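Here's the structure we're looking at; comments come further down.
Protein chains: 2
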Amino acid sequence: MDQESIRVAVSTVIFALRTEGTEGKELPSLWTPFVPRLHEPHLNQWALPGGWLPGEEQLEEAAARTLGETTGLHPSYLEQLYTFGRVDRSPTGRVISVVYWALVRGDEVAEAAPGENVRWFPADELPELAFDHNEIVRYALQRLRTKVEYAHIAHSFLGETFTLAQLRSVHEAVLGQKLDAANFRRSMATSTEIVETGEVLAGTPHRPPKLYRYRQSNPLPDHS
Amino acid sequence: MDQESIRVAVSTVIFALRTEGTEGKELPSLWTPFVPRLHEPHLNQWALPGGWLPGEEQLEEAAARTLGETTGLHPSYLEQLYTFGRVDRSPTGRVISVVYWALVRGDEVAEAAPGENVRWFPADELPELAFDHNEIVRYALQRLRTKVEYAHIAHSFLGETFTLAQLRSVHEAVLGQKLDAANFRRSMATSTEIVETGEVLAGTPHRPPKLYRYRQSNPLPDHS
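Heads up: the protein sequence lines correspond to chains A and B, in order. Every number in this note's numbering is 6 more than the matching position in the first sequence, counting from 1. Every number in this note's numbering is 6 more than the matching position in the second sequence, counting from 1.
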């Protein structure tokens with residue numbers, strides 16, 4: 007097989023925070039949308055939204071277009087995650103997939119007009135996906151869990167301002183484990199990353215919780 | 007231009023810390039190797055080590071092989087940096103370049119048997135490079151500067167153990183600016199990232215400086 011026969015595709019991993027549908031579980035969790043394969047190979051298996059890269063389309067534009075066409079989602083910013091190119095990752099010849107990712111807020115998901123076939127799965131309870139897409143989502147989850155230590159993840163999921171309880175729920179969803187509320191509050195109190203906005207959560211008359219924001223608006227600071 | 011005409015290449019950005027050749031300047035600085043283009047387009051211009059991806063070769067193996075053939079360098083670990091694929095980045099058709107990078111120690115550079123044509127340049131004083139390679143090196147430098155805040159960069163440049171002065175010189179080289187020695191010492195004293203090894207630098211009988219190591223050996227923790 008020579009160099010000319012290599013094909014280039016784009017795919018996108020979306021993470022959204024959802025509480026609905028988890029029936030009684032208190033933890034919000036991460037959900038990810040997939041679309042069924044309409045062609046061989048892996049016909050009818052769930053796969054990441056994506057497609058072939060057209061020769062005249064920028065990588066990120068192709069990722070955004072294919073994502074929008076299948077899921078109705080139009081995140082304001084797609085970040086390049088990683089390029090997957092293992093020799094045997096597709097049974098029909100060498101395919102290099104440049105994978106993008108985005109974290110989206112609940113209202114962005116609610117506003118999307120999804121394609122007929124899109125289906126959301128909990129990110130850590132996935133079906134068997136086409137190609138190496140299980141591996142890709144696992145890699146994205148691992149990156150997300152590393153990021154939560156230093157990056158402004160909650161900004162992407164919650165918007166500009168948030169309560170400490172909301173921030174904790176994001177960290178819990180990303181890490182997949184419950185955090186001690188008092189410890190979390192103490193650790194955030196000494197953090198230089200978040201600051202009080204001086205405002206409180208609207209619609210909560212009795213001891214309304216304070217709103218915070220990140221000192222710098224920078225959802226995914228290192229292009230990683 | 008259809009999808010079939012897209013070609014895939016690999017390139018590698020190497021950063022090494024060098025003090026020689028900077029004539030009297032105390033700061034060590036980052037240097038990067040380039041090789042001359044042997045074909046059109048951009049014949050004879052300096053370019054990152056790299057080449058076309060063969061259909062049967064893994065991405066990282068192709069990057070390591072082309073790097074070794076041209077520079078003699080064999081870093082123990084290449085990390086994927088980013089994939090560059092702008093529609094107009096090559097004048098002879100669409101090329102997607104998957105770029106890898108590595109930080110190498112001075113002794114790794116000294117031991118390399120370089121190809122005839124390789125030439126090292128200070129990373130922030132580059133000639134006009136082929137294609138978008140100036141942009142690629144700038145991007146790598148920016149990523150490196152973000153990393154120095156939290157990653158174990160000195161490990162890659164210096165090895166397992168190092169003095170505080172050596173650690174500071176790495177931070178200075180990466181950030182491209184002199185740091186206050188007393189402030190740096192104080193900031194490292196409160197860091198949980200580095201610990202004393204209990205040993206001192208050999209060959210320095212009078213008040214030999216203490217050796218430190220990172221708490222965890224993890225040169226580039228986030229695959230970014």
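Think of the CB as a built atom: it goes at the ideal place given N, C-alpha and C, for glycine as much as any other residue. Being a predicted model, the structure only gives us computed values, none of them experimental.
Per DSSP, what kind of secondary structure is residue i in: helix, strand or coil?
{"i": "B/D228", "result": "Caution is warranted here: a pLDDT of 40 is assigned to B/D228, below 50, making its placement in the model unreliable, and the coordinate value is therefore given only provisionally. Coil, per DSSP."}
{"i": "B/L185", "result": "coil"}
{"i": "A/E122", "result": "coil"}
{"i": "A/L132", "result": "coil"}
{"i": "A/T77", "result": "helix"}
{"i": "B/R219", "result": "strand"}
{"i": "A/F163", "result": "helix"}
{"i": "B/L109", "result": "strand"}
{"i": "A/Q172", "result": "helix"}
{"i": "A/R100", "result": "coil"}
{"i": "A/Q51", "result": "coil"}
{"i": "A/S35", "result": "strand"}
{"i": "B/S82", "result": "coil"}
{"i": "B/L87", "result": "strand"}
CB-CB under 8 Å to residue i, same chain, minus the five flanking residues each way: which ones, in chain order?
{"i": "A/G27", "result": "Caution applies to A/G27, whose pLDDT of 49 falls short of 50 and renders its modelled position unreliable; the model cannot decide the point."}
{"i": "B/T169", "result": "L207, P215, K216, L217, Y218"}
{"i": "A/A15", "result": "G56, G57, W58, L59, V101, I102, S103, V104"}
{"i": "A/T203", "result": "T167, K216, L217, Y218, R219"}
{"i": "A/G74", "result": "H80"}
{"i": "B/R221", "result": "T198, E199, I200, V201"}
Please list the partners that residue i has in chain B, where partner means a Cβ-to-Cβ separation under 7 Å.
{"i": "A/R36", "result": "Strictly speaking, residue 36 of chain A in this sequence is Leu, with Arg absent from that position. Under the 7 Å cutoff, chain B gives no residues; its nearest Cβ is about 18 Å from A/L36."}
For residue i, which residues of its own chain have a beta-carbon under 7 Å away from its beta-carbon, when the five flanking residues on both sides are left out?
{"i": "B/E6", "result": "No information on residue 6 of chain B is available, as it lies outside the stretch 7 to 230 that chain B covers here."}
{"i": "B/T98", "result": "P47"}
{"i": "B/I12", "result": "R100, I102"}
{"i": "A/V176", "result": "L23, I159, A160, F163, L164"}
{"i": "B/R191", "result": "L170"}
{"i": "B/A187", "result": "R174"}
For residue i, which residues in chain B fall below 9 Å Cβ to Cβ?
{"i": "A/R318", "result": "This structure gives no information on residue 318 of chain A, because the portion of chain A shown stretches from 7 to 230."}
{"i": "A/L59", "result": "Q9, I12, G91, R100, I102"}
Would you mind telling me which residues of chain A sit closer than 8 Å to residue i, beta carbon to beta carbon, in chain order?
{"i": "B/Y106", "result": "Neighbours of B/Y106 on chain A: none; closest Cβ ~10 Å, over 8 Å."}
{"i": "B/Q86", "result": "Y88, T89"}
Less than 8 Å between the CB atoms is what I'm expecting for residue i and residue j, so what's the real figure, rounded?
{"i": "A/G182", "j": "A/G121", "result": "In fact, because the Cβ distance is near 28 Å, the residues do not count as touching under 8 Å."}
{"i": "A/Q86", "j": "B/T89", "result": "7 Å"}
{"i": "A/I142", "j": "A/V19", "result": "6 Å"}
{"i": "A/P128", "j": "A/W52", "result": "That belief does not hold up - the Cβ atoms of A/P128 and A/W52 are roughly 13 Å apart, past 8 Å."}
Give every residue of the same chain whose Cβ lies closer than 6 Å to the Cβ of residue i, excluding the five residues on either side of it in the sequence, and list them in chain order.
{"i": "A/A68", "result": "V16, L59"}
{"i": "A/L150", "result": "V180"}
{"i": "A/V115", "result": "A22"}
Nearer than 8 Å: is that true of the beta carbon of residue i relative to any heavy atom of the ligand PLP?
{"i": "A/K153", "result": "Inclusion of the ligand PLP in the displayed structure is not the case, the ligand content being empty and no account of it being possible."}
With 9 Å set as the bound, which would you pick, yes or no: does the beta-carbon of residue i sit closer than that to a beta-carbon of chain E?
{"i": "B/L173", "result": "No chain E appears in the structure shown, which is made up of the protein chains A and B."}
**Prompt:** What are the residues of the segment 166-182 of chain A that lie near chain B, defined by any Cβ-Cβ distance shorter than 9 Å?
**Reply:** For the segment 166-182 of chain A, which is checked against every Cβ of chain B, not one residue is closer than 9 Å.
**Prompt:** Looking at chain A, which residues of the segment 59-76 of chain B have a Cβ within less than 7 Å of any of its Cβ atoms?
**Reply:** So the close ones are L59, P60, G61, E62, Q64, L65.
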